[in-house]
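Notes for the one structure printed next.
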Amino acid sequence: MPEVPASARPPGRYRLLTGGRVVTPAGVLSPGWIQLASSVIDAVGSGPPPPRQSPELRVTDLRGSWVLPGFVDMHVHGGGGTSFTEGSEDDARRTAAFHRGHGTTSIVASLVTAPLTELETRAAVLAGLAADGVLAGLHLEGPFLSAARCGAQDRRHMLVPDVATFERLRAASAGHLRVITIAPELPGATAVIAAAARSGVIVAVGHTDATAEVASAAVDAGATHATHLFNGMRPLHHREPGAAGALLGRDEVTCEVIADGVHLHDTTIRLVARAVGPDRLVLITDAMAAAGMPDGGYRLGSMRVNVSGGVARLAGHNGSAGPIAGSTATMDGIVRRAVAAGLPVPEVAAAASTTPARVLGLGDRVGALRPGLEADLVICDDNFRLSAVMVGGQWLAQAPDGPPVSSPYEPIR
Numbered sequence: 109m110p111e112v113p114a115s116a117r118p119p120g121r122y123r124l125l126t127g128g129r130v131v132t133p134a135g136v137l138s139p140g141w142i143q144l145a146s147s148v149i150d151a152v153g154s155g156p157p158p159p160r161q162s163p164e165l166r167v168t169d170l171r172g173s174w175v176l177p178g179f180v181d182m183h184v185h186g187g188g189g190t191s192f193t194e195g196s197e198d199d200a201r202r203t204a205a206f207h208r209g210h211g212t213t214s215i216v217a218s219l220v221t222a223p224l225t226e227l228e229t230r231a232a233v234l235a236g237l238a239a240d241g242v243l244a245g246l247h248l249e250g251p252f253l254s255a256a257r258c259g260a261q262d263r264r265h266m267l268v269p270d271v272a273t274f275e276r277l278r279a280a281s282a283g284h285l286r287v288i289t290i291a292p293e294l295p296g297a298t299a300v301i302a303a304a305a306r307s308g309v310i311v312a313v314g315h316t317d318a319t320a321e322v323a324s325a326a327v328d329a330g331a332t333h334a335t336h337l338f339n340g341m342r343p344l345h346h347r348e349p350g351a352a353g354a355l356l357g358r359d360e361v362t363c364e365v366i367a368d369g370v371h372l373h374d375t376t377i378r379l380v381a382r383a384v385g386p387d388r389l390v391l392i393t394d395a396m397a398a399a400g401m402p403d404g405g406y407r408l409g410s411m412r413v414n415v416s417g418g419v420a421r422l423a424g425h426n427g428s429a430g431p432i433a434g435s436t437a438t439m440d441g442i443v444r445r446a447v448a449a450g451l452p453v454p455e456v457a458a459a460a461s462t463t464p465a466r467v468l469g470l471g472d473r474v475g476a477l478r479p480g481l482e483a484d485l486v487i488c489d490d491n492f493r494l495s496a497v498m499v500g501g502q503w504l505a506q507a508p509d510g511p512p513v514s515s516p517y518e519p520i521r
């Protein structure tokens, strides 16, 4: 791959990562190397690294580890015991930091249905964090959703789609609203879809009981994304494919899937990946506060959630299993599960990083290991367990489930 022209290189110390299996948009370089200039990827190549140009060049031998682009999670509510849906600004910062430690170097904070004034308040808080670079934007999963497919959303606060209400929420987000999920069968939905699309907000179809015809009409109106495909949707039937079937069949629609072994069967993951290809598949966590935490009681917005065996479900269903309430997954676990399910590693890297970055309009900055992009990357062992995370050219001090990196310039041990 070509280097960044010398005139365009940022000032700063050069670093060289060698001996890894580097997953790039063009395929796996094994062995491969990555040269960094400060916080930016300067060059990527295969085989032996380039001659050492300076004794000050810091070299890290990756010893055969996998190197993937930092993950981009465009649908996450919480993790590490805190969440974006409630609590303080510091809680939201801790949530983002928790997921960074699991390889998510770009994160979109998702809000669930709540009273309108509360949504405005939360959006304003999160917009401030987006302005600070902590978040890559906001996702409104509600309030324009179907009560028939509400899942773990609070149906008491769901609203009929209304352009004026959308504009209030967009204003509260201060330019950082990236995605809004809408049930297109609701009255007024088409007008909101069109208004959101005109304003540059990604419209996702989700939590919907729409038929295939209605879902396809929503795409015609400007919807381009599917919120956790199959989950919170009318089931696909051979005579009525529903929203899931319609969204799978539209080339302009990218499709989220939660590959955690709970929300979807691995066979379903493989079928979706085969149907849409890596350019349309988006891996997400849909994580809530219990991600990375013990079983017990938690909250998802206003709803009480019980976590048992790592599966989050709404509480208070008289002993019966309540609806799934988000996940307890992290992106490193999602990637590991997708690879174990049989998806090729380059396609998993695209679905976990490159495609969501492109969808969010961030593809010129993050989402791939290629010259000119930010040096956000993850290091994994043979089993795709995380060993280290780099954000903006700097190693995080400690990687979960793996050895600490004692120095940014020492070999991973």
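Going by this note's numbering, the first residue of the sequence shown is number 109, and it counts up by one from there.
Glycine included, each C-beta is placed from N, C-alpha and C at the ideal position.
Since we're looking at a predicted model, the values are computed, not measured.
- P177 is bridged by DSSP to L485.
- Take V384, set aside five residues on each side of it, and the residues of its chain with a beta-carbon closer than 6 Å to its own are C363, in chain order.
- In the three-state reduction of the DSSP assignment, D198 falls in the helix class, which pools H, G and I.
- Beyond the five residues adjoining it in sequence on each side, G296 comes within less than 6 Å, by CB distance, of V268, P269 and D270 in the same chain, given in chain order.
- G480 and L468 have their C-alpha atoms roughly 18 Å apart.
- A Cβ-Cβ separation of about 7 Å places G405 in contact with A423 under the 8 Å criterion.
- Using a Cβ distance threshold of 7 Å, A312 and T289 count as a contacting pair.
- The DSSP-derived three-state label of P454 is helix.
- Runs of the alpha helix (DSSP H) lying entirely within the stretch 263–317, each at least 4 residues long, are 271–280 and 297–306 in chain order.
- Cα atoms of R202 and R347: separation of roughly 46 Å, rounded to the nearest angstrom.
- Pairing R473 with L485, the inter-Cα distance amounts to about 13 Å.
- The C-beta of T375 has fewer than 16 other C-beta atoms within 10 Å across all chains shown, which makes the residue exposed.
- The beta carbon of A280 sits closer than 6 Å to the beta carbons of E228, A231 and A232 from its chain, once the five residues preceding and following it are set aside; these are given in chain order.
- Just measuring C-alpha positions, the residue of M439, R342, A397 and L356 sitting nearest D199 is A397.
- Here the stretch 143–154 does not lie against the stretch 447–466, with fewer than 3 beta-carbon pairs under 8 Å apart.
- Per DSSP, reduced to three states, the secondary structure at S461 is helical.
- Cα atoms of E293 and A318: separation of roughly 5 Å, rounded to the nearest angstrom.
- Partner residues in the beta bridge of E364, as assigned by DSSP, are V390.
- A direct Cα-to-Cα measurement between Y122 and D150 gives close to 9 Å.
- C-alpha of V167 to C-alpha of I142: approximately 10 Å in a straight line.
- When secondary structure is reduced to three states using DSSP, M439 falls in the helix class.
- Around the C-beta of G155, fewer than 16 other C-beta atoms lie within 10 Å, and the residue is accordingly described as exposed.
- L337 and F252 have their alpha carbons spaced roughly 17 Å apart.
- A331 and H247 have their C-alpha atoms spaced approximately 14 Å apart.
- Relative to the Cα of H371, the nearest Cα in the group L356, R388, M182 and D394 belongs to D394.
- Q161 counts as exposed, since fewer than 16 other beta carbons sit within 10 angstroms of its beta carbon.
- Between the stretch 339–358 and the stretch 408–418, the count of Cβ pairs shorter than 8 Å is below three; the stretches do not touch.
- A distance below 7 Å between beta-carbons, with the five flanking residues on each side excluded, links P386 to the following residues of its chain, in chain order: E455, A458, A459 and T463.
- DSSP places S410 outside both helix and strand once states are collapsed to three, so it counts as coil.
- Here D262 is near S410, since their CB atoms are less than 7 Å apart.
- According to the DSSP assignment, D403 belongs to no beta strand (DSSP E), since it is labelled neither H nor E.
- Taking each of Q502, D490 and S495 in turn and checking the Cα distance to E482, the smallest one comes out for Q502.
- If you draw a straight line from the Cα of A351 to the Cα of V380, it comes to about 14 Å.
- Your pair A260 and I432 checks out as a contact, with CB atoms roughly 7 Å apart and the cut at 8 Å.
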